[in-house]
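In my numbering, the protein residues as written are 35 to 182.
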Amino acid sequence: MRVALRFLLAVVVLFPLTAYATIINIPGDYPTIQEGIDHSSDGDTVLVQPDTYYENLNFNGHNITLASLFLTTGDTSYISTTIIDGDSADAVITVYNGETGQIVGFTVQNGRGRGITYSHYNTDLTVTNNIIKDNSGSGIGRGGARSG
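Next up, the structure:
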């Protein structure tokens, strides 16, 4: 009886500390990648189906994994068929608010300036298994302070 009571007490005390990560499917759950990012919580994965997405993305303080189906399958064909195209409007992906995150398995192209830009201050970004091409500046670069 005492063992059962201790177990029950441990479950009740520890249960609120358990975090649940969600997989947000694009375009199934949200039509755009940015909407998926905006509706994510820390620890979530925004999983993007193959297509070309004309967007300029910002992690906006979310500590997430942004990935193509390469992440779940290991199939490298998803890297070249899941494209984020910045349409030469700005950097394709911006991570500037001290986020911890991952970008996995995309073609990142046509950024004005960098394909992926991040702040060196308090940001822990891992970029793996991506093709970063045809940007007017460097593929990946860090910046300092940014306003606006």
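From the three backbone atoms N, C-alpha and C, an ideal C-beta is built for every residue, glycine too. If you're wondering where the values come from, they're calculated on a predicted model, not measured in any experiment.
Examine the Cβ distances between the region 53-60 and the region 70-78 and report whether three or more of them are shorter than 8 Å. Enough Cβ pairs lie closer than 8 Å, so yes.
For Val82, the residue or residues it bridges with in DSSP: DSSP links Val82 through a beta bridge to Ile60, Ser102.
Compute the beta-carbon to beta-carbon distance between Val82 and Ser102, rounded to the nearest angstrom, for a pair I have assumed lies under 8 Å. Confirmed, about 5 Å.
Pick out the complete beta strand (DSSP E) segments inside the region 106-179, 3 residues or longer, and give them in chain order. Within the region 106-179, the runs of beta strand (DSSP E) that reach at least 3 residues and sit entirely inside it are, in chain order, 116-119, 127-129, 134-138, 141-143, 150-153, 158-162, 165-167, 174-177.
Take Ile58 as the anchor and find which of Ser153, Thr99, Asn164 has the nearest alpha-carbon. When only C-alpha atoms are compared, the closest one is Thr99.
Alpha carbon to alpha carbon, how far is Gly108 from Ala123? Approximately 31 Å between the Cα atoms of the pair.
Less than 8 Å between the CB atoms is what I'm expecting for Gly120 and Gly145, so what's the real figure, rounded? Indeed they touch by this definition, with Cβ atoms about 4 Å apart.
Would Ser114 count as contacting chain D if we go by Cβ distances under 8 Å? No chain D appears in the structure shown, which is made up of a single protein chain.
Grab the span of the alpha helix (DSSP H) containing Gly70 for me, first residue to last. For Gly70, the enclosing alpha helix (DSSP H) covers residues 67-72.
With 16 as the cutoff for other CB atoms within 10 Å, does Thr151 come out buried or exposed? Under a 10 Å Cβ-count criterion, Thr151 is classified as buried, with 16 or more other Cβ atoms of the shown protein chains found around its own Cβ.
Quick check on this structure: which residue in Thr162, Asn163, Thr160, Asp168 has the alpha carbon closest to the alpha carbon of Arg148? The residue with the shortest Cα to Cα distance from Arg148 is Asp168.
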